[in-house]
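Residue numbers (my numbering): 98 to 387.
Glycine included, C-beta positions come from ideal geometry on N, C-alpha and C.
Since this is a predicted model, take the numbers as computed values, not measurements.
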Amino acid sequence: MTDNNWKLVDAFFDKYDLVDHHIKSYNDFVNNRIQKIIDISEPIVIENDETDDETGELKKVKYTVKTGEVKIKKPFTREADGSNSDIYPTDARLRNLNYSAHMYLEMALNKDDEENPLEEVYIGELPVMLKSDYCYLNGLSAEELLEHNEDPQDLGGYFIVNGSERAVVTMEEIAPNKVILERVKEIEDRHAKAVVTSIRSGFRARITLEYKKPRKNKAFLRVSFPYVPGEIPLVILLRALGLSTDEQIITKISESNNNFQMIIADDIKVSEEALKIDPEEMEGLTIEER
Numbered sequence: 098m099t100d101n102n103w104k105l106v107d108a109f110f111d112k113y114d115l116v117d118h119h120i121k122s123y124n125d126f127v128n129n130r131i132q133k134i135i136d137i138s139e140p141i142v143i144e145n146d147e148t149d150d151e152t153g154e155l156k157k158v159k160y161t162v163k164t165g166e167v168k169i170k171k172p173f174t175r176e177a178d179g180s181n182s183d184i185y186p187t188d189a190r191l192r193n194l195n196y197s198a199h200m201y202l203e204m205a206l207n208k209d210d211e212e213n214p215l216e217e218v219y220i221g222e223l224p225v226m227l228k229s230d231y232c233y234l235n236g237l238s239a240e241e242l243l244e245h246n247e248d249p250q251d252l253g254g255y256f257i258v259n260g261s262e263r264a265v266v267t268m269e270e271i272a273p274n275k276v277i278l279e280r281v282k283e284i285e286d287r288h289a290k291a292v293v294t295s296i297r298s299g300f301r302a303r304i305t306l307e308y309k310k311p312r313k314n315k316a317f318l319r320v321s322f323p324y325v326p327g328e329i330p331l332v333i334l335l336r337a338l339g340l341s342t343d344e345q346i347i348t349k350i351s352e353s354n355n356n357f358q359m360i361i362a363d364d365i366k367v368s369e370e371a372l373k374i375d376p377e378e379m380e381g382l383t384i385e386e387r
């Protein structure tokens, strides 16, 4: 690297420290993403058969759980005398405690057409990252940190669990909602795959579309999802998503590439034939044999 490159590096770390990305990510999760996950969740509906007190007959009763705002309170602990006291990181270390915030959620349980007011309900504890928005050390001067027995040079960005310091390791992953194409080197087969990490509020899944062309067989396309065993033929998935005709499937994917249209056409035939086969006959066969 040239001297100018090192100047850029120095300028970056003069403004952002080594754990700045950890703290910003945590703050975004706590301040924004938790509430978004709650907001997109449908009200919980439970239907139950209960006996009517007046007639003695069974009737269907619907219970609905509605949710509102998430509230997070800074770390505190309940003392032996029943009082609550704020807890700083040093206290958690010395007393083998969790440095965590208490989470509350506004909830209401409604029966049939009832509309009860929302009430705060305790739902659990959230580990607090040191120097984050919910940490008491955030914004303190060097003198104030020393008063709380903290090292002013400590950048934070970690948690305290049962008195022990726990760090989260940074992970590098594929950019979300971008299709990444990859050619797999195999001696016998032509093999390529497209991978996309699909992310939206409250949902995250890595989806893989694979193209395989064994030398002695026709090409086929398969899709795999997290928590779904095996691979799903692409054509069957597209039919489930509402593309009912072969023409719709082919033109939606490729209007001009004749080679790709031929692959899809072959896959349509294979998928239609597969739907007619008894599943018991498929046991023990590889994907290519199927």
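Original post:
How is the alpha helix (DSSP H) around Asp-343 delimited, first residue to last?
Top reply: 343-350
Original post:
Cβ of Ser-182 within 7 Å of Cβ of Leu-223?
Top reply: no
Subject >> Rounded separation between Gly-253 and Val-142 - CA only >> reply: 42 Å
Original post:
Could you check where the alpha helix (DSSP H) with Ala-239 kicks off and where it finishes?
Top reply: 239-244
Subject >> Whole-number beta carbon distance between Thr-164 and Met-204, since they are thought to touch under 8 Å >> reply: Confirmed, about 5 Å.
Subject >> Cβ pair Val-158, Leu-206 closer than 7 Å >> reply: no
Subject >> Supposed contact pair Arg-190 and Gly-260 - C-beta distance, whole angstroms, cut 8 Å >> reply: 5 Å
Subject >> Coil, strand or helix - Ile-137 by DSSP >> reply: helix
Subject >> As assigned by DSSP and simplified to three states, the class of Glu-380 >> reply: With a pLDDT of only 49 at Glu-380, under 50, the local geometry of the prediction cannot be trusted, and the value read off the model is given with reservation. Coil.
Original post:
Over what stretch of residues does the alpha helix (DSSP H) that includes Ile-271 continue unbroken?
Top reply: First-last for Ile-271: undefined, no H or E at that position.
Subject >> Residues of its chain near Asp-149, where Cβ-Cβ distance is below 7 Å and the 5 sequence neighbours each way are ignored >> reply: Lys-156
Subject >> Chain-order list of residues whose beta-carbon lies under 6 Å from that of Asp-125 (same chain, five-residue window excluded) >> reply: Within the same chain, Asp-125 has no close Cβ partners at all.
Original post:
What separation, rounded to the nearest whole angstrom, lies between the Cα atoms of Glu-370 and Val-293?
Top reply: Here Glu-370 scores only 49 on pLDDT, less than 50, and its place in the model should not be relied on; the value that follows carries that caveat. Their Cα atoms are separated by approximately 29 Å.
Original post:
So, are the CB atoms of Ile-346 and Leu-338 less than 7 Å apart?
Top reply: no
Subject >> Beta-bridge pairing of Asn-145 - partner residues as DSSP gives them >> reply: Val-158
Original post:
In terms of residue numbering, what span does the beta strand (DSSP E) encompassing Ser-321 cover?
Top reply: 317-321
Original post:
Pick from Lys-309, Val-325 and Pro-326: whose alpha carbon is nearest that of Arg-319?
Top reply: Lys-309
**OP:** Compare the C-alpha of Glu-279 against each of Asp-107, Glu-307 and Lys-112 and name the closest.
**Re:** Glu-307
Original post:
Using a Cβ-Cβ distance under 7 Å, would Phe-317 count as near chain C?
Top reply: Within the model displayed, chain C is absent; a lone protein chain is all it includes.
Original post:
Roughly how many angstroms separate the alpha carbons of Asp-107 and His-119, rounded to a whole number?
Top reply: Approximately 19 Å, taken between the alpha carbons.
**OP:** Just the C-alpha distance for Ile-137 and Ile-184, rounded to the nearest angstrom, thanks.
**Re:** 33 Å
**OP:** Would you give the residue range spanned by the beta strand (DSSP E) that Leu-202 belongs to?
**Re:** 197-208
**OP:** Select from Asp-343, Ile-257 and Ile-329 the residue whose C-alpha is nearest the C-alpha of Asn-193.
**Re:** Ile-257
**OP:** Using a threshold of 7 Å, state whether the C-beta atoms of Ser-229 and Tyr-123 are closer than that.
**Re:** yes
**OP:** May I have the straight-line CA-CA distance separating Val-266 from Phe-317, to the nearest angstrom?
**Re:** 39 Å
Original post:
Which residues bound the alpha helix (DSSP H) around Arg-190?
Top reply: 186-191
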